[in-house]
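To start, the structure itself, in C-alpha coordinates.
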Amino acid sequence: IGEERGEKRERLNNAKGMLHEGLSADLISRVTGLSIAEINKLKTAPNAN
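Counting from 187, one number per residue, gives the positions in the sequence shown under our numbering.
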(Lines of atoms letter the chains of each structure in order from A and count residues from 1; the text may use other names and numbers.)
(Lines give C-alpha, C1' and ligand atoms only; values in the text may rest on other atoms or scores of the structure.)
Protein backbone atom coordinates (compact mmCIF):
# COMPACT_ATOMS: atom_id res chain seq x y z
CA ILE A 1 0.00 0.00 0.00
CA GLY A 2 2.82 2.41 0.83
CA GLU A 3 4.48 1.74 -2.50
CA GLU A 4 1.19 2.42 -4.31
CA ARG A 5 0.85 5.73 -2.47
CA GLY A 6 4.38 6.66 -3.47
CA GLU A 7 3.68 5.85 -7.10
CA LYS A 8 0.46 7.87 -7.01
CA ARG A 9 2.28 10.83 -5.42
CA GLU A 10 4.90 10.64 -8.19
CA ARG A 11 2.20 10.64 -10.88
CA LEU A 12 0.53 13.65 -9.23
CA ASN A 13 3.84 15.52 -9.08
CA ASN A 14 4.50 14.72 -12.73
CA ALA A 15 1.03 15.94 -13.63
CA LYS A 16 1.64 19.22 -11.76
CA GLY A 17 4.77 19.77 -13.82
CA MET A 18 2.93 19.00 -17.04
CA LEU A 19 0.16 21.45 -16.12
CA HIS A 20 2.81 24.08 -15.43
CA GLU A 21 4.19 23.47 -18.94
CA GLY A 22 0.74 24.00 -20.40
CA LEU A 23 -0.15 20.46 -21.43
CA SER A 24 -3.82 19.56 -21.68
CA ALA A 25 -5.58 17.54 -18.99
CA ASP A 26 -6.46 14.93 -21.62
CA LEU A 27 -2.82 14.39 -22.57
CA ILE A 28 -1.71 14.34 -18.94
CA SER A 29 -4.39 11.75 -18.19
CA ARG A 30 -3.20 9.52 -21.02
CA VAL A 31 0.45 9.79 -19.96
CA THR A 32 0.03 9.44 -16.19
CA GLY A 33 -3.06 7.27 -15.93
CA LEU A 34 -4.69 9.84 -13.64
CA SER A 35 -8.32 10.72 -14.20
CA ILE A 36 -9.34 14.06 -15.68
CA ALA A 37 -11.06 14.82 -12.36
CA GLU A 38 -7.82 14.25 -10.44
CA ILE A 39 -5.95 16.53 -12.82
CA ASN A 40 -8.60 19.22 -12.58
CA LYS A 41 -8.29 19.09 -8.78
CA LEU A 42 -4.58 19.86 -9.19
CA LYS A 43 -5.46 22.93 -11.24
CA THR A 44 -7.63 24.33 -8.46
CA ALA A 45 -5.58 23.18 -5.46
CA PRO A 46 -4.43 26.08 -3.26
CA ASN A 47 -0.79 24.98 -3.48
CA ALA A 48 -0.81 24.48 -7.26
CA ASN A 49 1.84 26.57 -8.98
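Note that beta-carbon positions come from the ideal geometry of N, C-alpha and C, so glycine has one too.
Hey, ARG191 and LEU220: beta-carbon distance below 9 Å or not? no
Work out the CA separation of GLU207 and ILE187 for me, nearest whole Å. 30 Å
Relative to the C-alpha of ARG195, which residue among THR218, ALA223 and PRO232 is closest? THR218
So, is ALA170 buried or exposed, given that buried needs 16 or more other C-beta atoms within 10 angstroms? Beyond the ends of the chain as shown, which are 187 and 235, falls residue 170; an answer cannot be given.
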